[in-house]
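Novice: Let me begin by handing over the structure; questions about it come next.
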Amino acid sequence: MLYRSIPLADLADFVHPRSSQRKALALLRAYFDETGIHDGALVTAIGGFVATQDAWSELETEWVKLIDEFASRGVRQFHMTDFLAQKGEFERMDGPLRNYMLTRISELLASADVRGIFSAVVCDDWVSTVRDAEFLSQFPKPFFLCFEDVTRQLWEWSGKYAGGEPVAPMFAHQPEYHDRMAAVGQYLANTDWYPRFLVSITFGTPDRFIPLQAADFAAFSVREDIENRHYEPGAGHQTVAFHTATQGNYVHGHWFNAKALELTVERFCETGEIYPLCRFE
Numbered sequence: 000m001l002y003r004s005i006p007l008a009d010l011a012d013f014v015h016p017r018s019s020q021r022k023a024l025a026l027l028r029a030y031f032d033e034t035g036i037h038d039g040a041l042v043t044a045i046g047g048f049v050a051t052q053d054a055w056s057e058l059e060t061e062w063v064k065l066i067d068e069f070a071s072r073g074v075r076q077f078h079m080t081d082f083l084a085q086k087g088e089f090e091r092m093d094g095p096l097r098n099y100m101l102t103r104i105s106e107l108l109a110s111a112d113v114r115g116i117f118s119a120v121v122c123d124d125w126v127s128t129v130r131d132a133e134f135l136s137q138f139p140k141p142f143f144l145c146f147e148d149v150t151r152q153l154w155e156w157s158g159k160y161a162g163g164e165p166v167a168p169m170f171a172h173q174p175e176y177h178d179r180m181a182a183v184g185q186y187l188a189n190t191d192w193y194p195r196f197l198v199s200i201t202f203g204t205p206d207r208f209i210p211l212q213a214a215d216f217a218a219f220s221v222r223e224d225i226e227n228r229h230y231e232p233g234a235g236h237q238t239v240a241f242h243t244a245t246q247g248n249y250v251h252g253h254w255f256n257a258k259a260l261e262l263t264v265e266r267f268c269e270t271g272e273i274y275p276l277c278r279f280e
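The following block contains the structure:
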């Protein structure tokens with residue numbers, strides 16, 4: 000390996016100190032990354048995967064092996080933007096070799112016991128629809144709606160599909176939005192619903208937490224998928240790589256076009272929530 004990562008077995012101590020009783024319960028982990036926050040982006044999205052610690056450990060082992068196959072070309076970690084642009088660590092990777100690598104990554108994710116979750120906003124629809132000052136004070140940019148939405152989805156996913164097993168979410172560190180993300184994370188942690196299924200939100204970097212590299216793949220793929228659905232509905236949806244990675248199955252998520260944003264703003268102004276959460280016994 001050409002970089003030092005933090006083994007997932009040690010992540011519980013990173014999220015919670017050894018004295019924490021909650022740490023022992025957090026057997027599920029979720030990793031998310033963002034995309035489309037630059038000027039001119041058509042879609043802003045947050046995407047990632049949730050799985051057990053064992054499943055992540057198995058995926059991490061195979062991921063490191065896969066990346067190491069390309070170490071002689073200068074590759075140390077996966078980053079979709081540089082990968083597609085053939086820049087940075089991928090400068091010495093030609094088209095066929097990058098296609099081969101992407102196929103391998105897609106097949107690895109398909110074989111792993113991980114579940115995708117995403118949230119996306121169509122940026123033009125946000126500009127034309129979202130004008131309410133109260134809503135914008137809570138969600139000044141599409142990114143922050145995605146951030147709260149994907150957190151709520153993770154909560155519901157645990158209640159519906161994991162028996163309410165506690166989930167430890169980690170988001171890729173985003174310098175521009177980090178302080179507000181941390182503040183929102185603290186706000187959510189103090190709601191009546193959040194602590195039931197979720198533990199504290201943490202932040203990390205893909206070079207240290209390998210599952211965030213998988214989240215980078217997911218976020219970019221979701222953004223491209225939603226762009227196709229919204230702007231080119233006749234051109235097909237999922238990319239070949241994303242279709243392979245998900246085995247063509249449903250990915251748990253929301254995307255907000257103009258109508259969805261209109262309803263979301265209306266509900267928030269009436270109830271203070273973007274949508275009602277399921278109530279589990």
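Going by numbering that gives the first Met the number 0, the sequence shown opens with residue 0, and the numbers climb by one from there. Built from N, CA and C at the ideal position, the CB exists for glycine as well.
1) Distance check for M92 and R72, CA to CA, integer angstroms please.
2) For N227 and A181, what's the separation of their Cα atoms in angstroms?
3) Are three or more beta carbon pairs between the region 119-134 and the region 62-82 nearer than 8 Å?
4) Apart from the five residues just before and just after W62, which ones in its own chain have a Cβ nearer than 6 Å to its Cβ?
5) Assuming contact is defined by CB atoms lying nearer than 8 Å, are G163 and C277 in contact in what I supplied?
6) Return the chain-ordered list of same chain residues with a C-beta closer than 7 Å to the C-beta of P141, the five sequence neighbours on each side being excluded.
7) Would the region 252-265 and the region 81-101 be scored as touching if the rule is three or more Cβ pairs under 8 Å?
8) Kindly indicate the opening and closing residues of the alpha helix (DSSP H) around R278.
9) Quick one: complete beta strand (DSSP E) runs, 3+ long, within the region 42-81?
10) Does DSSP classify V250 as helix, strand or coil?
11) With A214 and Y30 assumed to form a contact (beta carbons below 8 Å), what rounded beta-carbon distance in angstroms separates them?
12) State the DSSP-derived secondary structure class of T201, mapped to helix, strand or coil.
13) To the nearest angstrom, how far is the alpha carbon of R103 from that of P232?
14) Quick one: using the 10 Å Cβ neighbour count with 16 as the cut-off for buried, is D224 buried or exposed?
15) Let's test the definition: count the other Cβ atoms within 10 Å of the Cβ of E68 and tell me whether it reaches 16, buried, or not, exposed.
16) Does DSSP classify R114 as helix, strand or coil?
17) Under 8 Å, with one C-beta from each stretch per pair, do the region 245-256 and the region 145-155 reach the 3-pair mark?
18) Which residue comes first and which comes last in the beta strand (DSSP E) that contains E33?
19) Quick check on P194: does DSSP put it in helix, strand or coil?
20) Cα separation between H251 and A70?
21) Candidates A217, W192, H177: which alpha carbon is nearest E155's?
22) Quick check on the DSSP output: the alpha helix (DSSP H) that includes P306 runs from which residue to which?
23) P168 by DSSP, collapsed to three states: which one?
24) If we count the other Cβ atoms within 10 Å of its Cβ and call it buried at 16 or more, is T204 buried or exposed?
Specialist: Reading off the structure:
1) Here the question's residue 72 lines up with position 73 in the sequence shown. Here the question's residue 92 lines up with position 93 in the sequence shown. Put simply, the backbone Cα of R72 is about 7 Å away from that of M92.
2) The sequence position of residue 227 within the sequence shown is 228, counting from 1. The sequence position of residue 181 within the sequence shown is 182, counting from 1. If you take the alpha carbons of N227 and A181, they lie about 32 Å apart.
3) By the C-beta criterion, the region 119-134 is judged not to be in contact with the region 62-82, since fewer than 3 inter-stretch pairs fall below 8 Å.
4) In the sequence shown, the residue the question calls residue 62 occupies position 63. The answer, listed in chain order, is I209.
5) Numbered from 1 along the sequence shown, position 164 holds the residue referred to as residue 163. Numbered from 1 along the sequence shown, position 278 holds the residue referred to as residue 277. Result no, Cβ atoms of G163 and C277 do not sit closer than 8 Å.
6) In the sequence shown, the residue the question calls residue 141 occupies position 142. Excluding residues within five positions, the ones whose Cβ falls inside 7 Å are T43, V120, C122, W125.
7) In the pairwise beta carbon analysis, the region 252-265 is classified as not touching the region 81-101: fewer than three pairs are separated by under 8 Å.
8) Your numbering for residue 278 matches position 279 in the sequence shown. Element bounds for R278: n/a, residue is neither H nor E.
9) 42-51, all fully within the region 42-81.
10) Numbered from its first residue, the sequence shown carries residue 250 at position 251. Of the three classes helix, strand and coil, the one that applies to V250 here is coil, per DSSP.
11) Against the sequence shown, residue 214 aligns to sequence position 215. Against the sequence shown, residue 30 aligns to sequence position 31. Yes, they are in contact, since the Cβ atoms of A214 and Y30 sit about 4 Å apart, within 8 Å.
12) Within the sequence shown, numbered from 1, the residue matching residue 201 stands at position 202. DSSP places T201 in strand when its eight states are reduced to three.
13) Within the sequence shown, residue 103 is the residue found at index 104, counting from 1. Within the sequence shown, residue 232 is the residue found at index 233, counting from 1. Near 28 Å, if we compare the C-alpha coordinates of P232 and R103.
14) Within the sequence shown, numbered from 1, the residue matching residue 224 stands at position 225. Residue burial is scored here from C-beta neighbours: D224 has at least 16 other C-beta atoms within 10 angstroms and is therefore classed as buried.
15) Taking the first residue of the sequence shown as position 1, residue 68 is located at position 69. Counting other Cβ atoms within 10 Å of its Cβ, E68 stays below 16 and is therefore classed as exposed.
16) Here residue 114 corresponds to residue number 115 of the sequence shown, with the count starting at 1. Of the three classes helix, strand and coil, the one that applies to R114 here is strand, per DSSP.
17) Yes: at least three Cβ pairs fall under 8 Å.
18) For this step, residue 33 is matched to residue 34 along the sequence shown. Start and end: 27-34.
19) As a first step, residue 194 is located in the sequence shown; it is residue number 195 there, counting from the start. Judged by DSSP in its simplified three-state form, P194 adopts helix.
20) Along the sequence shown, one-based indexing puts residue 251 at 252. Along the sequence shown, one-based indexing puts residue 70 at 71. Their Cα atoms are separated by approximately 34 Å.
21) Translated into positions along the sequence shown, residue 155 becomes position 156. Of A217, W192, H177, the residue nearest in Cα terms is W192.
22) Here the chain comprises residues numbered 0 to 280, so residue 306 is not present and cannot be evaluated.
23) If you number the sequence shown from 1, residue 168 lands on position 169. Note: P168 maps to strand in three-state DSSP.
24) By one-based count along the sequence shown, residue 204 stands at place 205. By the 10 Å Cβ count, T204 comes out exposed.
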